[in-house]
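All remarks here apply to the structure that follows.
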Amino acid sequence: MDGRRTDVRYTPSPDDPSWSGDWAPATPKGVPIGWDQLGEDDFLYERFRVDVSLEVGGLFFSRRYLPVVDFALAWASAPIVLKEKPRIDMHSSVEAITYKAAREGATVTVTTNDHEGEGRIAWTELEDLVDTMIERAFTILYGHHPELRTNPYLLDLRERLAELGLR
Amino acid sequence: MTAVNRILLRAVLIPVLFSLLGLHGRKRKKPRTRSEGRSNEGDSRKADEQLNRGAVDDSDAPADSGKPKDEGNGQPPPKKKPKFEFDEDMVDATWEKHRPGGYYDSQKPPVKNNVYHKDFTKDDLRAALLDAQQNGVDRPRGVNSDDIMRSGKYVYWNPYTDKPTGVNGQTGLLIPVAGDGNMKTAYPFES
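Those protein sequence lines, which keep their order, are chains A and B. As numbered in full-length UniProt numbering, residues 1 to 167 make up the first sequence, in order. As numbered in full-length UniProt numbering, residues 1 to 191 make up the second sequence, in order.
Pasting the structure below:
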């Protein structure tokens with residue numbers, strides 16, 4: 001909208017060891033497990049945290065140290081829910097950041113509880129943005145850990161996203 | 001007095017006398033309020049509606065002894081199922097992330113809306129979590145929708161005492177709870 005940028009980028013959080021090439025999956029108590037045993041809890045709360053660079057209509061709503069899958073899934077509801085309802089609040093699973101999106105006609109306004117200003121984008125830009133959020137989440141996971149390509153939780157997640165018309 | 005007169009007295013005159021003296025029929029008591037002398041029928045109706053909604057302010061109710069109330073069968077009511085589970089490791093991990101000087105506070109710049117207030121101690125956190133297990137309020141993933149991709153829920157806790165939990169003046173906590181019922185963290189939150 002008006003040529004202002006809308007984009008999302010993920011960078012592995014330097015404080016999260018799960019991005020390291022020699023990292024091996026384990027329970028929070030340190031018991032080793034297989035790559036295929038990593039489940040929803042690991043992806044939503046514990047592992048694979050990224051620094052999110054999020055620009056919406058020229059405004060930055062960036063945030064550090066968010067689990068990449070949790071961030072992408074919080075946003076995944078937006079284009080579906082906003083088809084029927086005027087607004088949606090999307091909470092992080094791990095900290096006090098809430099992204100809020102409101103739709104009026106073909107325009108979507110994005111704000112948060114911790115950033116100044118509001119980003120305004122077209123409805124189609126929101127759909128593209130959410131697709132990008134999801135696609136890049138899988139890309140960064142598989143890029144750092146190809147073993148995750150056969151993870152049952154992620155496989156099932158991709159299937160469910162596809163059924164909803166999301167990438 | 002003849003038999004006929006006695007019958008007439010019982011059947012006609014006594015009811016007429018009762019009627020004239022206002023003693024006839026069921027005695028009616030007009031409900032009234034104590035303070036204003038007006039009918040309290042409307043008040044009663046409102047109270048019933050509030051009771052049905054569970055919205056009665058019981059601040060004037062007798063003090064709770066702290067013991068489970070007898071349900072009438074001599075047995076205390078069954079304890080409510082906790083809204084989530086936690087252990088000391090989770091309290092430790094949560095405290096280290098959100099305490100003053102902890103992970104979020106040491107970011108550059110600090111992520112202040114994630115930081116506990118300096119007067120909110122680790123013991124306060126533990127007590128809050130124990131209380132929230134019973135008295136917290138379940139929140140779905142999305143305020144205006146069901147989150148369609150993530151399981152679990154949030155539990156919102158706020159005792160409304162004005163004692164801050166967070167440095168930004170929050171007085172409650174938001175507690176993410178995973179699909180298996182385990183809490184994952186608890187951060188300052190104002191609803």
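Every residue, glycine too, gets a C-beta built ideally from N, C-alpha and C.
| Check | Outcome |
| --- | --- |
| If we define contact as Cβ-Cβ less than 9 Å, is A/D70 a contact residue for chain B? | yes |
| Can you tell which of B/P140, B/S191, B/D92, B/P159 has the C-alpha that lies nearest to the C-alpha of B/K153? | B/P140 |
| Roughly how many angstroms separate the alpha carbons of B/R150 and A/F71, rounded to a whole number? | 11 Å |
| Per DSSP, which residues does B/M183 bridge with? Please list them. | B/V177 |
| Between which two residues does the alpha helix (DSSP H) containing A/Y153 stretch? | 152 to 163 |
| How is the alpha helix (DSSP H) around A/K136 delimited, first residue to last? | The question names Lys, but residue 136 of chain A is Arg in the sequence shown. 123 to 144 is the extent of the alpha helix (DSSP H) around A/R136. |
| For B/R99, decide whether its Cβ has a neighbour in chain A, counting only Cβ atoms nearer than 9 Å. | no |
| Starting from A/I140, find everything on chain B with Cβ-Cβ shorter than 9 Å and list it in chain order. | Chain B residues near A/I140: none, gap ~18 Å exceeds 9 Å. |
| Select from the stretch 108 to 125 of chain B all residues with a C-beta closer than 7 Å to any C-beta belonging to chain A, and list them in chain order. | N113, N114 |
| Hey, B/F189 and A/A96 are a contact pair by Cβ (cut 8 Å); roughly how many whole angstroms apart? | 6 Å |
| Give me, in chain order, the residues of the same chain whose beta-carbon lies closer than 8 Å to that of A/T139; leave out the 5 immediate sequence neighbours on both sides. | none |
| What does a CB cutoff of less than 7 Å around A/E147 pick up in its chain, not counting 5 residues either side in sequence? | W35 |
| So if I threshold CB-CB distances at 9 Å, which residues from the stretch 41 to 53 of chain A count as touching chain B? | D41, L44, Y45, E46 |
| According to DSSP, is A/F60 part of a helix, a strand, or is it coil? | strand |
| When the cut-off is 9 Å and only beta carbons count, does A/P14 lie next to chain B? | no |
| Going by other Cβ atoms of all chains shown within 10 Å of its Cβ, with 16 needed for buried, is A/A74 buried or exposed? | buried |
| Assuming B/K97 is part of the alpha helix (DSSP H), what are its boundary residues? | 88 to 98 |
| Can you name the residues of chain B whose CB is closer than 7 Å to the CB of A/D114? | N113 |
| Identify whether A/W75 lies in helix, strand or coil by the three-state DSSP scheme. | helix |
| So who's on the other strand from B/P188, going by DSSP bridges? | B/L173 |
| Over the uninterrupted beta strand (DSSP E) stretch that includes B/D138, give me the two end residues. | 137 to 139 |
| Taking Cβ positions, are B/A132 and B/T165 nearer each other than 9 Å? | no |
| Secondary structure at A/V110, three-state DSSP: helix, strand or coil? | strand |
| With a threshold of 16 other CB atoms inside 10 Å of the CB of A/D156, please say whether the residue is buried or exposed. | exposed |
| Counting pairs of beta carbons, one from the stretch 26 to 43 of chain A and one from the stretch 79 to 98 of chain A, are three or more of them closer than 8 Å? | no |
| With DSSP collapsed to three states, give me the class of B/D105. | coil |
| So does A/G143 have its beta carbon nearer than 8 Å to some heavy atom of the ligand GDP? | The model on display carries no ligand, and the ligand GDP is accordingly not part of it. |
| Need the endpoints of the beta strand (DSSP E) that A/A102 sits in, please. | 98 to 104 |
| Select from A/V94, A/A78, A/N151, A/T112 the residue whose C-alpha is nearest the C-alpha of A/E125. | A/A78 |
| Thinking A/G58 and A/R4 are a contact (beta carbons under 8 Å), I'd like their distance in whole angstroms, please. | 3 Å |
| Hey, would you say A/R9 sits closer than 9 Å to A/V52, going by beta carbons? | yes |
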